[in-house]
Every structure is written in C-alpha cells, then in structure tokens.
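Chemist: In this text, residue positions in the sequence shown follow my numbering: the first is 3, and each later residue adds one.
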Amino acid sequence: MPKDMETNAINWFNEAYSTYTTFKDMADYLKQKFDHIYGRNWQCVIGRDFESYGIIESQRS
Numbered sequence: 003m004p005k006d007m008e009t010n011a012i013n014w015f016n017e018a019y020s021t022y023t024t025f026k027d028m029a030d031y032l033k034q035k036f037d038h039i040y041g042r043n044w045q046c047v048i049g050r051d052f053e054s055y056g057i058i059e060s061q062r063s
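1) Residues in its own chain within less than 7 Å of Trp44 by CB, not counting five upstream and five downstream?
2) Does DSSP put Ile58 in a helix, in a strand, or in coil?
3) Out of Thr23, Asp30, Glu8 and Asp6, state which residue places its alpha-carbon closest to the alpha-carbon of Ile57.
4) Less than 9 Å between the C-beta atoms of Tyr40 and Met28, yes or no?
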C-alpha cells in the first residue's frame, strides 16, 4: 500500500472511530471513502468479530 493511501486509511479510521459506534458503520464509512478516492470494489473488514461491509456486483453488458 502506498504511503499516502496508508495515511488516508489511518486518518479515515480515526474519523470513523470517533463518529460511529458499531464496527459495521465504521467499515461502511471506510469502504465509501476508499471507493470514492481510489475507485470502486474495495472491501473493508474491521472489528473484534471482523464485521464487514461489501457489495459484490456482476459485470453488466
């Protein structure tokens, strides 16, 4: 992971941690940030029980 992406991930995690109370909401926030800045199809796994938020989309013609 490039250093700037790592820095963003840490900053966004800190924002999510201070804003949301559930791991699912934190994962959703991080996924949305990564999708918006770095393109779609990111997956985010977070928490003690590894809550996640992800969407699997099939390719459409």
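Idealized CB from N, CA, C, for every residue including glycine.
Modeler: Straight from the coordinates:
1) Position 42 of the sequence shown, counted from the start, is the residue given in the question as residue 44. Closer than 7 Å at Cβ, skipping near neighbours: Lys33, Phe36 and Asp37.
2) For the purposes of this step, residue 58 is taken as residue 56 along the sequence shown, with counting starting at 1. Reduced to three states, the DSSP call for Ile58 is coil.
3) Against the sequence shown, residue 57 aligns to sequence position 55. Out of Thr23, Asp30, Glu8 and Asp6, Asp30 has the C-alpha closest to the C-alpha of Ile57.
4) Locating residue 40 in the sequence shown gives position 38, counting from the first residue. Locating residue 28 in the sequence shown gives position 26, counting from the first residue. In this structure, Met28 does not lie closer than 9 Å to Tyr40 by Cβ.
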